[in-house]
Amino acid sequence: MPIEPLKSIPYFSGLGDGVLDAIRQVVFEKKVDRGEIILLEDEPPQALFFVASGAVKVFKTSPDGKEQILSIARPGESFNDVPLFDGGVNPASAQAMGPVVLYGISRDQMDGILRDHPELTTNVIKVLAQRVRQLVSLVEDLSFRHVIGRVAKILLEYGGETSAPHPRLTQQEIAAMAGTAREVVGRSLKSLEESSIIRLERHRVVISNKEALRHLAAEPS
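FYI, in this note's numbering the residues of the sequence shown are -6 to 214.
Take a look at the structure:
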């Protein structure tokens, strides 16, 4: 793979071309189709993956089949970081939300890169620290934010509030992110529409009043 895409990945930010050239030689590419399972919870890790294009949902599944989406990895972002460094199994499953192109580095290769290029360690710490912050934010949302506030926050993040490419979410996926049922999400969306905060169109949500949506997203339960 070329060096340029590596520069947009936080793990490799700020590294010299010599280091990036060594890294790119051990990176492999993997293409997956919509709905394809990339890795399964509790299985040995295959690799550290980075999204080149598309989006990947990372999720836990309860014994009764209920799904909780932990994060959605978009271009430049990684997933399944932890088991590559602690030697454990995959803590969650990952599935392609559409056609996806991934870059991957095997565990052995990553160990070698860190050994040969210790300057990479600072970036690894920053990425893992950011992952902890994301999980703390998720716990905060599920514990202290009412459902309509959680839905508002998801709409802001995945409805164009950021410059990052964003996947089109179904109501079921929003429910799995918000830790609630699809029917509850449906009622929340209807309430937001009745308040003229959003407009529901076929298979998409249009934000009409972003400030009101931000206010709801910031409101504690």
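Where a beta carbon is used, it is the ideal one built from N, C-alpha and C, also for glycine.
Here the structure is a predicted model, which means the values were calculated and not measured.
Asked	Found
6 angstroms Cβ shell around residue 50 - same chain, five flanking residues per side excluded	62, 65, 88, 90
Which of helix, strand or coil DSSP assigns to residue 97	strand
Among 162, 7, 76, 207, nearest to residue 195 - alpha-carbon criterion	162
Any C-beta of chain B under 8 angstroms from that of residue 137	Protein chains in the displayed structure number just one, and chain B is not present.
Where residue -6 falls: helix, strand or coil (DSSP)	coil
Residues near residue 36 in its chain [Cβ-Cβ closer than 7 angstroms; skip 5 each side]	82, 83
Where the alpha helix (DSSP H) containing residue 234 begins and where it ends	Any property of residue 234 remains undetermined from this structure, which presents the chain solely from -6 to 214.
Start and end residues, alpha helix (DSSP H) containing residue 32	No alpha helix (DSSP H) contains residue 32, which is instead part of the beta strand (DSSP E) from 30 to 32.
Spatial neighbours of residue 209 in its chain, beta-carbon cut-off 7 angstroms, leaving aside the 5 residues before and after	141, 142, 145
Cβ pair residue 30, residue 86 closer than 8 angstroms	yes
Check whether residue 113 and residue 42 have beta carbons under 8 angstroms apart	no
N- and C-terminal bounds of the alpha helix (DSSP H) containing residue 17	10 to 17
For residue 22 and residue 120, the rounded distance between their alpha carbons	21 angstroms
Start-end ranges of the beta strand (DSSP E) lying completely within the region 16 to 73, minimum 3 residues	21 to 25, 30 to 32, 40 to 46, 49 to 54, 60 to 66
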